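Encoded as structure tokens, the structure appears first; notes follow it.
Chains as they are written, first to last, in this note's numbering: chain F, 5 to 242; chain Z, 140 to 257.
Below, the structure written as structure tokens:
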């Protein structure tokens with residue numbers, strides 16, 4: 005019993021450390037951007053910095069919102085319904101275009117013709133797509149495009165939504181965790197430095213809630229992270 | 140010329156501007172090591188938690204060669220609290236800053252100490 009309590013405590017601590025680190029990154033950047041506004045700048049430069057502060061703040065706020073959603077999963081407040089993944093992906097691409105451009109990255113999208121609607125919650129699915137794209141941007145080399153795709157798998161019973169990046173391949177230890185289709189806790193910052201451990205954890209929690217799974221393919225020149233969700237037999241109205 | 144290595148592109152850009160020097164930015168240590176074949180910077184500003192090899196692996200790599208081993212390195216990291224200057228001096232680290240408390244003028248002053256441009 006005592007051991008379980010200790011393990012739980014360590015689990016919570018590990019999550020808190022990951023969350024703290026993830027939030028520290030955008031907050032430190034906002035702080036430095038705010039300092040830079042004290043310099044003698046042209047109006048154009050000031051506008052650029054203001055835009056960078058805005059985008060970085062949104063990134064931090066999105067993370068906080070998603071953590072709130074994770075905490076509310078147990079209350080089963082998110083209804084599942086037939087959702088068109090293409091609509092969610094298009095919205096994400098539109099919203100993330102500026103963020104990618106600001107970081108000298110590009111996001112392309114490819115749809116296969118025959119995928120069905122998915123059984124999902126639109127809000128949670130949108131969070132999954134944002135996290136997969138954000139992860140791809142973070143791991144991509146400068147000036148290389150990431151590619152989001154939606155396709156039918158498992159003989160049409162499932163729909164795969166994934167993002168391929170071109171950068172350092174996914175570390176083997178994280179890959180092994182993902183092979184189980186679910187991450188039990190955020191990966192520690194020592195295992196996966198930077199900003200993607202928590203994002204993947206959120207993706208895996210949301211996918212599980214929607215009866216889906218998260219997976220990964222390692223390539224020589226990058227990684228594809230994806231979620232497989234149950235296909236709905238309802239036809240798209242769009 | 141200085142190198143700035145930080146996996147957050149915007150942060151690398153901001154640090155480069157604070158340094159007030161001509162700066163080349165890199166999002167990981169591998170890219171920076173490749174660039175070191177072509178040019179030797181006067182100073183390197185380095186983050187620790189990077190995509191791929193960490194900042195510590197990069198420091199080890201720098202020390203493996205005579206010429207790069209002499210380049211002074213300033214660490215700017217969000218995990219700086221757990222590091223001591225004295226422990227990392229033998230790896231060419233001349234200063235350590237915590238991103239959360241970093242003041243631009245402090246970094247600029249430290250950069251000035253190690254570069255020839257007035």
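Even glycine gets a Cβ: it sits at the ideal position worked out from N, Cα and C.
Computed from a predicted structure; not experimentally measured.
At a beta-carbon threshold of 7 Å, the residues of chain Z lying near residue 29/F are 147 and 217, ordered along the chain. Contact between residue 167/F and residue 145/F does not hold, since the beta-carbon distance rounds to 15 Å and is not under 8 Å. C-alpha of residue 172/F to C-alpha of residue 189/Z: approximately 11 Å in a straight line. Contact of residue 171/F with chain Z is assigned, a C-beta pair being separated by under 9 Å. Counting along the chain, residue 85/F sits inside the beta strand (DSSP E) bounded by residues 85–87. Boundaries of the alpha helix (DSSP H) around residue 155/Z: 148–158. When 196/Z, 160/Z, 239/Z and 208/Z are compared, the shortest CA-CA separation from residue 217/Z is found for 239/Z. Counting along the chain, the unbroken beta strand (DSSP E) around residue 152/F starts and ends at 149–157.
Residues of the same chain with a CB within less than 7 Å of the CB of residue 59/F, apart from the 5 flanking positions on each side, are 102, 103 and 106 in chain order. Chain Z has a Cβ within less than 9 Å of the Cβ of residue 35/F. Taking 8 Å as the cut-off between beta carbons, the residues of the region 189–209 of chain Z near chain F are 189, 190, 191 and 193, in sequence order. According to DSSP, residue pairing for residue 223/F in a beta bridge involves 226/F.
Contact check for residue 181/Z against residue 210/Z passes: the beta carbons are separated by less than 9 Å.
Residue 166/Z has a beta carbon lying within less than 9 Å of a beta carbon in chain F.
For the set 132/F, 85/F, 61/F and 69/F, the Cα lying nearest the Cα of residue 96/F is the one of 132/F.
Exclusion of the five residues before and after residue 220/Z leaves 237 as the residues of its chain whose Cβ lies within less than 7 Å of its Cβ. Interface flag for residue 227/Z against chain F is unset, since no Cβ pair is found closer than 9 Å.
Per the C-alpha coordinates, the member of 252/Z, 140/Z and 144/Z positioned closest to residue 194/Z is 144/Z.
Annotation: Cβ neighbours of residue 243/Z in chain F (cutoff 8 Å, chain order): 36, 39 and 40. Membership of residue 115/F in the beta strand (DSSP E) is indicated by the continuous run 110–115. Residue 154/Z belongs to the set of residues whose beta carbon lies under 9 Å from a beta carbon in chain F.
Rounded to whole angstroms, the gap between the alpha carbons of residue 81/F and residue 38/F is 38 Å.
Contact annotation for residue 146/F against chain Z: 148, 164, 165, 166 and 170 [CB-CB distance below 9 Å, chain order]. With a threshold of 9 Å between beta carbons, residue 135/F makes no contact with chain Z. Per DSSP, residue 162/F is one residue of the beta strand (DSSP E) stretching across 162–169.
Contact between residue 93/F and residue 154/F holds: CB atoms are separated by about 6 Å, below the 8 Å threshold. Taking the Cα of residue 156/F as reference, the smallest distance to any Cα among 28/F, 148/F, 233/F and 85/F is reached at 233/F.
The C-beta of residue 135/F has 16 or more other C-beta atoms within 10 Å across all chains shown, which makes the residue buried.
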